[in-house]
Each structure stands twice: as structure tokens, then as C-alpha cells.
Amino acid sequence: MSAERHKRLRALFEAARNMPEQDRRRWLDAICADDPTLADDVLALIEEATAGGRARTQAAGMASAADPDETLFSGRGTPRARQQEEQPRERIGRYVLKQKLGDGGMGVVYLAQRDSEAGGKGGLVALKLMRSTVGGEEDRKRFLREHRLLSALEHPNIARLLDAGTTDEGHPYFVMEYVRGVSIDRYCDENRLTMEERLGLFRKVCDAVHYVHQNLIIHRDLKPGNILVTAEGEPKLLDFGISKLANPALDPGIEVTSPGFRLLTPRYASPEQIRNLPLTTATDVYSLGVLLYELLTGHWPYAIKTTEIRAIERAICDLEPEKPSTAVARTEGMSPDGKTGPMDPTVVARARGAMPSKIRSRLRGDLDNVLLKSLDKSPRRRYQSVAEMAEDLRRHLSNETVRARPPSVRYRVSKFVRRNRGAVIAGVLLVLSLAGGAAAASYQWRRAETALATARASEEAARLAAANAEAARARVAAIAGAMVGDIQSKIVKLAGSTPARQDLANIAIENLESLLAASPHDSSLKLELARALNERGQAQADRRSASAGNPEAALQDHQRALQIRRDELARDPANREIQAEVATSVLRIADIYRMLGRASEASAHYREAIDRLEELLRSGNTRGVRAPLAAALAARGELAINAGQVDEAVAAFVRAQEIRRVELAEAPSPRARRNLSVGHLDLARAYELMGDRASAGDALDQAVALRRELAASDEQSAEARRDLSRALLEAAGFHLRTGGAAQALPLAREADAVLTKLLADEREGAAQGQDAADPRSREAWITAQLSIASALGPAGDQEEARRRLERALEEARRLVTGAPSWIAGRRALTRVLAELGEVESRAGRHELAAELLAEANDEITRIESLAEPDAIDVKLREMVRAGRERVRERSSGGAAPPN
Amino acid sequence: MDHDLTQLLERARAGDVSAASAVFAEAFEQLRSIARRHLAGERLDHTLQATALVNEAFVRMVGQRETGWENHAHFIHSASQAMRRILVDHARARGRAKRGGGQARVRLDDGALPEAPAGLEHLDILALDEALTRLAALDERQARLVELRCFGGMSEEEAAELLGISRRTASIDWSFAKAWLRRELSDDGAADGPGGSIPS
Chain A
0 MSAERHKRLR ALFEAARNMP EQDRRRWLDA ICADDPTLAD DVLALIEEAT
50 AGGRARTQAA GMASAADPDE TLFSGRGTPR ARQQEEQPRE RIGRYVLKQK
100 LGDGGMGVVY LAQRDSEAGG KGGLVALKLM RSTVGGEEDR KRFLREHRLL
150 SALEHPNIAR LLDAGTTDEG HPYFVMEYVR GVSIDRYCDE NRLTMEERLG
200 LFRKVCDAVH YVHQNLIIHR DLKPGNILVT AEGEPKLLDF GISKLANPAL
250 DPGIEVTSPG FRLLTPRYAS PEQIRNLPLT TATDVYSLGV LLYELLTGHW
300 PYAIKTTEIR AIERAICDLE PEKPSTAVAR TEGMSPDGKT GPMDPTVVAR
350 ARGAMPSKIR SRLRGDLDNV LLKSLDKSPR RRYQSVAEMA EDLRRHLSNE
400 TVRARPPSVR YRVSKFVRRN RGAVIAGVLL VLSLAGGAAA ASYQWRRAET
450 ALATARASEE AARLAAANAE AARARVAAIA GAMVGDIQSK IVKLAGSTPA
500 RQDLANIAIE NLESLLAASP HDSSLKLELA RALNERGQAQ ADRRSASAGN
550 PEAALQDHQR ALQIRRDELA RDPANREIQA EVATSVLRIA DIYRMLGRAS
600 EASAHYREAI DRLEELLRSG NTRGVRAPLA AALAARGELA INAGQVDEAV
650 AAFVRAQEIR RVELAEAPSP RARRNLSVGH LDLARAYELM GDRASAGDAL
700 DQAVALRREL AASDEQSAEA RRDLSRALLE AAGFHLRTGG AAQALPLARE
750 ADAVLTKLLA DEREGAAQGQ DAADPRSREA WITAQLSIAS ALGPAGDQEE
800 ARRRLERALE EARRLVTGAP SWIAGRRALT RVLAELGEVE SRAGRHELAA
850 ELLAEANDEI TRIESLAEPD AIDVKLREMV RAGRERVRER SSGGAAPPN
Chain B
0 MDHDLTQLLE RARAGDVSAA SAVFAEAFEQ LRSIARRHLA GERLDHTLQA
50 TALVNEAFVR MVGQRETGWE NHAHFIHSAS QAMRRILVDH ARARGRAKRG
100 GGQARVRLDD GALPEAPAGL EHLDILALDE ALTRLAALDE RQARLVELRC
150 FGGMSEEEAA ELLGISRRTA SIDWSFAKAW LRRELSDDGA ADGPGGSIPS
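Protein chains in written order, with numbering that gives the first Met the number 0: chain A, 0 to 898; chain B, 0 to 199.
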């Protein structure tokens with residue numbers, strides 16, 4: 000056995016060991032299609048690990064109550080028939096378990112009955128016992144609090160959440176209305192529902208989902224298995240919010256067990272779920288779109304031939320869904336259990352009570368448009384609510400015009416170009432340059448060289464041929480250079496162009512290297528190669544790139560480029576152009592070291608880059624020097640602050656400002672003005688650290704003044720207004736920290752006014768139930784409320800403070816519900832909870848204060864579970880801890896609230 | 000000696016290979032002399048407690064002085080390798096002594112190893128040693144982990160820290176490696192007769 004295989008064995012063991020047995024086999028078979036013995040080995044090892052563990056527990060004479068997997072699932076490994084005979088007699092809470100209904104990735108579902116002791120025989124319920132555990136007392140409290148929210152949901156098409164709790168071992172369980180039914184896809188096919196009937200059923204599902212969205216809950220895991228249809232034909236939604244409630248850190252649609260392995264086939268997951276972006280209700284719109292697509296066509300929206308999970312994820316993120324009316328004719332498809340295989344269009348049609356051609360024409364037009372709209376990659380382009388989608392279906396059924404429009408040719412072309420801009424431009428130019436320029440040039444070159452070789456006899460001819468060869472070669476180099484330089488700079492700003500940039504650079508590097516092999520001492524070719532390496536390095540370091548950047552590879556490219564440039568500079572030390580290029584290389588290397596967190600190497604390179612750029616500036620070379628120099632100085636200052644060298648930081652920031660001022664004077668632009676204001680904020684921070692409050696205050700004043708101008712000059716720009724509010728809040732924060740609450744208050748109020756207006760503008764005209772305001776604006780608004788409350792302080796208007804904080808709390812909760820994994824939002828919520836707790840505590844409402852602070856504490860724990868806690872979180876935790884301490888003191892001492 | 004050892008440990012920690020093997024040699028000598036004293040004429044499987052021996056060796060060699068966790072951990076790293084070799088040597092010696100008759104196996108009884116892999120308690124230590132060597136060829140880290148836990152008496156957490164892996168990874172590695180070894184050894188057991196795997 001090879002180490003390679005062993006490694007795979009280990010990874011599969013990890014991924015599969017907690018799966019339910021029947022899923023495990025299937026999953027392993029799918030994954031190990033290339034090596035079936037591998038699946039057997041993994042299974043044997045898992046069996047060995049569990050059997051051995053059990054043997055040991057028994058040998059040690061321990062009661063095996065500690066692990067519910069051992070007690071409750073004791074039927075594991077016994078034949079199925081026996082398992083059903085011996086129904087587990089266990090109880091959970093007030094419920095007696097009667098029968099196992101199912102076993103899913105996250106838990107086991109039992110048919111259960113409420114204990115008769117509690118008065119009369121209870122009805123049958125479904126009890127879902129989660130595999131995860133909730134930790135301490137506070138986790139448990141939070142769990143119950145959120146569960147109350149869910150149990151308030153009442154809708155005829157939603158299985159009601161009746162009860163929830165945690166077992167003694169800490170496993171959460173949920174008690175739901177017991178639904179006798181089959182999954183919606185099976186129901187439709189088994190009863191041969193027509194297209195109309197399927198649409199009618201689906202609309203009921205939409206109603207239920209919309210109801211839940213109105214309660215600010217996202218399902219996140221809509222799939223046929225979660226939508227049962229009763230014998231009466233009523234759909235019932237299961238599991239709303241439960242998976243998230245039980246394990247807030249995990250997104251159920253994409254349950255990750257180990258890097259590269261995902262347990263569930265994420266067929267219904269949205270692109271944003273796959274990409275792990277903040278989720279909104281639009282994610283449910285997408286999943287419903289996939290569901291309806293399958294109900295109507297019998298196929299998954301993307302025609303792929305493999306069920307490999309990565310391929311599925313790629314399809315979801317990158318492929319355009321096929322038109323439903325075309326997809327229905329596919330002869331290959333994915334069955335409900337996720338396997339691909341041949342599929343007969345007539346069978347699909349028969350299940351819908353019609354002929355294939357009939358189904359096709361039924362889908363063409365409206366339904367194509369509705370489905371494609373709900374499946375748009377961009378959440379913003381989808382239906383803005385589930386109600387809107389249902390409404391379009393109603394219009395379709397009553398022969399009214401639907402709102403969803405087919406994408407126009409122009410739209411489709413522009414979308415294609417937009418999506419593939421880099422590739423399109425690169426492709427077009429490559430073809431053009433090869434056809435018109437490079438090809439001709441290199442042909443001439445080769446011919447000239449041949450001529451050179453054959454015409455040695457004639458010295459004159461040779462001289463001519465050499466000149467020709469040289470001219471032709473220069474043209475090839477120029478074209479390669481143009482490709483790298485001009486085109487790259489054109490596509491560099493386009494999102495998603497990184498792979499194209501990289502390809503382009505690869506082509507250029509390859510060509511240049513082969514040219515160099517022919518003439519190894521040609522310095523213009525070498526410099527061209529350095530430029531190409533530089534470009535590829537930039538593309539690889541790009542964090543927006545699909546592979547999330549490869550800084551190490553980028554570093555190598557830049558270092559190679561630098562080496563070439565240094566060599567060339569050594570041969571031609573007075574060459575300004577090469578001087579500038581060396582400086583650029585050094586600067587890029589510094590940036591990458593900084594990105595990699597290698598601070599001392601970054602500092603050293605920034606220093607060299609700064610020296611070289613200053614030298615260029617002194618020698619009168621200003622073009623393209625000032626901006627990188629200011630950026631290098633700012634970065635250098637930033638690193639110095641982190642290293643505690645505040646004096647150095649101030650020096651760097653001051654010099655950066657000088658340069659930016661010249662830049663602004665020579666070419667006034669909003670960009671230059673904004674750069675200057677950023678510099679003021681940097682300086683303010685450094686001065687504050689230095690203890691020079693007067694200078695810090697000055698710098699903040701200047702930043703605020705600049706941003707006021709910028710916001711006034713472009714009232715349309717949300718960015719400019721947000722920038723202004725940030726500067727105002729920075730300034731307010733500074734005054735609050737330095738005991739100047741009186742100065743802080745008007746600044747915070749101004750920020751509040753700017754942001755309130757901004758939010759109103761952003762929300763104007765947005766569909767109901769959908770918050771169109773930028774989360775960053777909302778977060779800033781919350782910060783403004785916090786600043787005002789802090790500035791009011793214990794002596795200020797307590798009513799105003801409370802009112803503002805209560806509204807901020809509402810907003811923060813909405814923000815967090817809409818984007819649960821956005822850390823900045825969670826931090827804002829934590830701060831509001833702590834601050835409101837402080838206000839309530841001062842007013843003598845100790846219990847309420849304690850509750851708020853307890854929730855703040857929960858939030859911090861959650862933040863820490865989402866990301867590596869950084870300095871901000873440490874400070875937050877400290878702040879909450881101190882707040883709780885104060886509340887405890889006040890409530891135990893019974894001291895009167897200070898006034 | 001103890002002063003030198005601390006220095007050796009520091010150097011070993013910094014990646015000095017010759018220092019590391021010097022530590023190993025020293026640990027081996029010390030452990031063997033302690034073991035000899037403990038074992039004088041007695042049966043191995045009831046008296047040899049690997050953890051206790053390793054700890055005793057540490058105290059004797061380094062003293063009670065504060066040496067820092069890394070040094071301690073590094074020592075255990077070497078000592079657990081040494082311990083493994085001592086047990087194997089001992090088993091071979093017993094095998095030779097008893098060759099030709101009766102049970103020649105040294106068992107991994109609970110007393111000998113605090114973390115005898117479940118189900119492996121009655122297996123041949125030589126077979127375990129060989130299986131561990133095979134495991135090391137496939138995955139060095141897993142083999143090291145088993146060594147640290149079985150022969151060095153380290154807890155999961157300590158072993159994880161020493162190997163520079165997360166606790167979760169260590170825990171999965173451990174259960175994987177145990178299952179792998181059990182399978183490996185049960186196959187061997189079926190193939191070989193009693194004492195068959197003991198070389199002469």
C-alpha cells in the first residue's frame with residue numbers, strides 16, 4: 000500500500016466515520032469509484048474503530064450512558080428486522096420513543112409519544128435528536144431563546160415545532176408535529192401529478208416559505224426531503240431554522256467535515272452558500288427554483304455527467320442553468336439519490352401525464368423565464384421575495400403576462416462578455432495580434448534567420464538579413480510586451496479577470512522564454528520577461544482570484560523579476576526606467592510579505608522601495624512615482640505601528656501626506672482628495688498612540704473636513720457618505736477615549752444624520768421584506784447610535800440613550816439574522832447589548848441588564864467560533880466582562896443608581 | 000550531566016539532529032538501567048509501566064529544575080522511542096530464552112502500557128513494533144503519535160501539541176491508527192503461529 004493511498008484512507012475515514020451507515024456505503028462507493036477496495040478498507044476501519052471502542056467501554060465496566068450513540072442507537076449493526084422488533088424503549092425528556100423514522104446527517108428522527116404522566120395519552124410526535132451538542136449553561140439558554148422564536152411560527156403548511164430541549168448529555172432535540180407523508184418529488188411522481196397540479200402544490204410551498212421569511216427566518220436547507228406531502232395532498236415544511244439553531248456555525252446545505260469533503264450533495268445549495276457568503280432570503284428563492292425545476296423537468300438545472308461533489312459545486316457557481324424546455328429532453332440525468340445515468344424523456348413525461356413534446360411546449364416561454372430568474376447566480380437578479388415568485392406562477396396559470404423576462408440577446412451577450420471579460424478581450428487581442436502582428440513578425444524573423452544561415456556567402460546579404468531578423472524580433476517582443484502591459488492594465492480592474500490575467504501572463508512568459516533561449520543576452524527581452532513575471536505575480540497574489548491567491552508563487556515570480564531587473568540595472572545604472580522597475584518589484588515583494596504576515600521582511604523591502612522611489616523623485620522623475628511612494632510609506636507606517644514604533648510611523652505618514660498634497664495640487668481629483676483624508680486618519684491614529692492629542696484632533700478635523708467636501712460634491716455617492724460618517728465616528732471615538740464627550744456628541748449626531756439619510760435612500764423603492772440597505776451602512780448607523788449613547792454618558796439624557804440603543808438593537812438583530820456569519824455585524828450587536836445593559840443597569844434594572852450582558856457574552860462566544868478572535872474581540876470580551884462585573888456589584892450591593 | 004542534557008534538549012528542539020540522537024542515546028541508557036532494576040527477575044507484563052519509567056528517567060536526568068514544557072516534551076519524544084526499543088529488546092531476549100517451548104510472547108498488558116490500544120492488549124509487542132514500522136513508512140505522524148501515547152505515556156493533548164497538530168486531528172489520527180494497527184495485527188495473528196513473528 001502506498002503512502003498516497005494511506006492518506007486517502009485517512010481522509011475518507013475522517014469524513015465518513017460519523018455518517019449514518021447506509022449513507023456511508025453509498026457515499027464511499029461514489030467517491031471511490033476508481034478504487035473499490037478503498038471503500039471496503041475504509042468501512043472495515045470504521046467498523047474496527049467503533050467495535051473496538053465499544054469492546055473497551057464494556058471491558059472497563061462502564062455504564063455506556065455517556066454516549067447516546069451507544070445507548071440510543073444500540074440497534075446499530077444488528078439486522079434490520081431485529082432492530083424493528085426491538086423498538087427502543089428509551090425516553091427523552093417527557094417523550095417515549097416508539098420507533099426510528101429516519102437517520103440523517105445531523106440527527107436521528109424518532110416517532111415518539113408524550114408521556115402519559117403529564118395528563119392523558121399524548122398524541123404522536125416526531126422527535127429529532129441532533130448529533131451535535133450544545134455546550135454550557137449559556138449556550139443552552141440561547142438555544143431555548145431561539146427555539147421560542149421558531150415555535151411561534153404557525154402556518155397550515157409548516158410542521159409545527161412543539162417543544163425542544165437538550166438531553167442530559169447535551170444533545171439538543173426537537174419535537175415536531177408528526178407528519179405522515181412522502182417527500183414532494185416522490186408524491187408528484189407516484190401520483191402522476193400534471194404540470195398544473197405540480198405548480199399548484201409548489202405555490203403552497205411558496206406561501207409557507209414566504210410566511211417564514213416574514214418572520215425573518217431563512218430556511219437554508221430547502222430540499223424535497225424537507226417537504227412532505229400528506230395523503231390529503233397538503234405539503235408540510237419541516238425543519239425550519241432547526242439545523243442552524245442546533246449548530247449556528249454550520250451551514251447545513253454545505254456541511255463540511257474535512258477540507259475537500261462535504262457530506263451532503265449540495266444539489267439545492269445556492270452559489271452564495273457554496274461560496275460561504277452571507278445569506279439572505281434569496282438563497283431560499285434559489286433552492287425553491289431548483290426544486291421546481293426538478294418537479295417540472297425531472298432534471299437538475301445543470302447538465303453535468305459526474306456526481307463528484309466538486310463538479311456539482313462548480314456547476315452551481317459557474318454554469319448557466321439549461322433552459323427547462325431543453326433540459327426536459329435530456330437522455331441522461333441525475334436521479335433523486337444523486338446518481339447519474341440514462342433517463343428516458345418519455346418516462347419523465349409520462350409521470351407528468353403527457354407526451355414529451357407537450358411538456359416541452361408547456362415549459363417554453365413563461366416557465367423557462369420564471370425558473371431562470373429564480374436561479375440567477377446573483378441574488379439581486381432573482382425574485383426579490385418568494386411571494387413575487389409565487390405571484391408570477393399565479394399569473395402564468397391564469398394566462399396573465401409574467402414579470403420574468405427572457406434574457407435579451409444583448410443582455411446575454413453582455414452578460415457573457417461581462418462574465419468572461421478577461422478571456423474575451425485576451426482572446427480577441429491574441430487572435431488579432433497573432434494573425435496580424437506576431438505571426439507575421441515571427442514568420443519574417445524565422446525566414447530572415449534562415450536567410451542569414453544560407454546567405455553566409457554574401458556578407459552584404461547577411462548584414463541585411465541580420466537587420467531584418469533584429470527588426471522582426473523586436474516586433475515580436477513589442478507585441479508580447481503590449482499584451483502584457485496594455486491589455487493587462489485594461490483587464491486588471493475587472494472582477495473575475497484574474498484567471499485570464501494569469502493565462503495571458505503564462506503565454507507571454509512562455510513566448511519570451513523561448514525567444515530568450517534563442518538570444519540569451521537580449522536585455523530588452525529580459526526586461527519584457529520581468530514585466531510578464533511581475534504581471535503573473537500580481538495575478539497570483541490577487542485575493543479575489545478563484546484560488547484565493549497563491550502568494551508564495553507570486554513571491555517567486557516577483558523575486559525572479561527583481562533579479563532580472565537588478566542585473567540589468569547593474570549593466571545600465573543610469574537607466575531611469577529600470578530604476579523605476581526595480582523599485583516596483585521591491586514594492587510588490589514587500590506587499591506580499593505583508594500579506595503573508597512576515598512583518599520584518601515586509602518592512603525591509605518597504606524601506607528599500609521607499610529609498611529607491613525617493614531617489615527617483617529627487618532626480619526629477621515624477622511620473623508614476625508619487626502614488627506608489629505614498630502607498631509604500633503608508634504601509635510602512637502601518638507596520639511600524641504594529642511593531643510599536645510610533646515615531647517611525649508618524650514620520651512615514653507625514654511624508655506620505657506631503658506627497659499626496661503635491662499629487663492633489665498637480666492633479667486634483669476626488670480620488671486624490673480621498674487618499675489625503677485616509678492619510679489624515681492614519682496620522683490621527685499614530686498621534687493618539689503617541690499621546691499627542693492636539694495633533695490627533697487636528698488630523699481628524701482635516702479628515703472630516705475633506706470628507707464633508709467629498710460627500711457634498713457627489714451627493715449620489717453612497718461611498719462618499721459612508722466615508723464621511725466613518726471619519727465622523729473615528730473623531731467621535733477619539734474624543735470619547737480622551738474624555739471629550741462634549742466634543743464627541745455633535746460629531747456622532749452628524750454621523751447619525753448622514754447615515755439615517757443614507758439608509759432611507761438605500762431602502763427607498765426596495766421590495767417589502769428585503770433590506771436593500773448596504774450592511775456596511777447599517778453597521779455604521781448602529782455604531783453612530785452607540786457613540787451617541789456613550790457621549791450622553793451617565794449624566795446625559797438616559798431616555799434618549801435607551802431609545803437609540805433599543806433601535807440599534809433591533810437593527811443589529813436584523814443585520815445578524817440576514818448575514819449570520821458577518822463578523823462586523825455580530826460585533827456591532829455585541830456592543831449594543833453591552834451598552835444597553837450598562838444603561839439598564841444604571842437605571843437599576845439589574846435583571847434586564849444581566850440578561851442583555853449574558854446575551855452579549857453568548858455573542859462573543861459565537862464570534863470566536865466563527866473566526867480566530869483578534870485584538871478587537873479580546874477588547875470586546877473584556878468590555879462585556881467588566882460590564883457584567885458592574886451589574887453584579889450594583890445588584891448585589893443594592894446601591895442606588897448613580898446619577 | 001543534567002546541565003548538558005538541558006542544553007542538548009534546547010539544541011534538539013532547534014532542529015539539531017546530532018543533539019537529538021545524543022538525547023535519545025542518553026535516554027536509552029538511563030531507561031535501560033532503570034528498567035533493569037525494576038525488572039530484575041520479574042515478569043515484564045506486570046511491573047513495567049512505561050509512563051512511570053519514562054518519568055523517572057526524566058527526573059533523574061534533568062532533575063526537578065524548571066526546564067519548560069518543550070524540553071520536557073522533547074525528552075519524552077526521545078524517551079518514548081527508547082522505551083519502544085527497550086521493550087522490543089526485552090521481548091526478543093525473552094523469546095530467545097524460552098525458544099523451543101511454551102509461550103514466547105510479550106503482551107501489551109494494561110499494566111505495561113497506559114494506553115494499550117483497545118483490543119491489542121494481548122498482542123505481541125514485536126508484532127506491534129513491526130506494524131508500527133510499517134505504519135511509519137505510510138504515515139510518519141500517525142506512527143509517532145502511537146509511539147508517544149503508548150510508550151511515552153503522553154495524553155492526546157500533549158501529543159498533539161508536540162506534533163504540532165490540532166487536538167481534533169490527533170484524536171482522529173489516534174482512532175484511525177488504532178483501527179489500522181488492529182486490522183494489521185489481526186491479519187498477522189491469523190497468518191503466523193504463536194511466536195512465529197519472533198526472529199531469532
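Even for Gly, the Cβ is constructed at its ideal location relative to N, Cα and C.
The model shown is predicted, which means the values in this text are computed figures rather than measured ones.
Non-local C-beta neighbours of Leu-682/A in its own chain, meaning closer than 6 Å and more than five positions away in sequence, comprise Phe-652, Ala-698, ordered along the chain. Here DSSP, grouped into helix, strand and coil, assigns Val-174/A to strand. Counting every other CB atom within 10 Å of its CB across the protein chains shown gives Ala-151/A a total below 16, marking it as exposed.
Look at Ala-151/A here: in three-state DSSP terms it is coil, with no helix or strand label. As the crow flies, the alpha-carbon of Val-369/A is around 24 Å from that of Arg-274/A. Ala-731/A and Arg-593/A have their C-alpha atoms spaced approximately 30 Å apart. Ile-216/A and Ala-779/A have their C-alpha atoms spaced approximately 24 Å apart. Chain A has no Cβ within less than 8 Å of the Cβ of Arg-143/B. For Glu-47/A, the chain B residues whose C-beta falls within less than 7 Å of its own C-beta are Ala-178, Arg-181, Arg-182, listed in chain order. Legend: CB atoms of the segment 147-174 of chain B lying less than 7 Å from CB atoms of chain A belong to residues Ile-171, Ser-174.
With a cutoff of 8 Å on beta-carbon distance, Arg-625/A and Glu-567/A are scored as not near each other. Nearest neighbour of Gly-619/A by Cα position, chosen from Ala-631/A, Ala-589/A, Glu-576/A, Ala-633/A, turns out to be Glu-576/A. Nearest neighbour of Leu-835/A by Cα position, chosen from Ile-862/A, Arg-806/A, Ala-601/A, turns out to be Arg-806/A.
Less than 8 Å separates the beta-carbon of Val-879/A from that of Ile-859/A.
A direct Cα-to-Cα measurement between Glu-884/A and Gly-678/A gives close to 39 Å. For Glu-13/A, the C-beta contacts it makes with chain B under 7 Å involve Ile-171, in order along the chain. Note that the C-beta distance between Lys-222/A and Asn-156/A is not below 8 Å. Contact between Glu-854/A and Leu-832/A holds: their C-beta atoms lie close to 5 Å from each other, under 8 Å. When Cβ pairs closer than 8 Å are counted between the two stretches, the segment 733-743 of chain A is seen to touch the segment 784-791 of chain A, the count reaching three or more. By the Cβ criterion, the segment 360-368 of chain A is in contact with the segment 324-331 of chain A, since at least three pairs of Cβ atoms, one from each stretch, lie closer than 8 Å. In the structure shown, Ile-216/A adopts coil according to DSSP, grouped into three states. The beta strand (DSSP E) runs lying completely inside the segment 729-817 of chain A and spanning 3 residues or more number zero.
Think of a sphere of 9 Å around the beta carbon of Ala-648/A: no beta carbon from chain B falls inside it, the nearest being about 33 Å out.
Counting only runs of 3+ residues, no beta strand (DSSP E) is found wholly inside the segment 666-719 of chain A. In the same chain as Lys-376/A, and ignoring 5 residues on each side of it, the C-beta atoms closer than 6 Å to its own belong to Pro-270, in chain order. Burial state of Glu-534/A is buried, judged by a 10 Å Cβ sphere holding 16 or more other Cβ atoms. DSSP places Ser-182/A in the uninterrupted beta strand (DSSP E) bounded by 180-182. Cβ atoms of Arg-775/A and Glu-810/A stay farther apart than 8 Å, at about 13 Å. About 7 Å separates the CB atoms of Leu-757/A and Arg-721/A; that is less than 8 Å, so the two are in contact. Shortest Cα-Cα distance from Thr-296/A to any of Cys-316/A, Arg-351/A, Leu-318/A, Tyr-267/A involves Arg-351/A. For the options Leu-374/A, Pro-550/A, Gln-555/A, Glu-799/A, the alpha carbon positioned closest to that of Ala-529/A is the one of Gln-555/A.
Around Asp-138/B, the beta-carbon contacts reaching into chain A at under 9 Å are Ala-2, His-5, Lys-6, Arg-9. Rounded to the nearest angstrom, the Cβ distance from Ala-553/A to Ile-508/A is 14 Å, too far for a contact under 8 Å. In this structure Gly-164/A touches Gly-92/A by the C-beta definition: roughly 5 Å separates them, less than 8 Å. Distance from the CA atom of Ala-693/A to the CA atom of Glu-714/A, rounded to whole angstroms, is 31 Å. Cβ-Cβ distances below 6 Å link Ala-655/A to Ala-629, Leu-632, Ala-633, Gly-678 in the same chain, with the five nearest sequence neighbours on each side left out; the list follows chain order.
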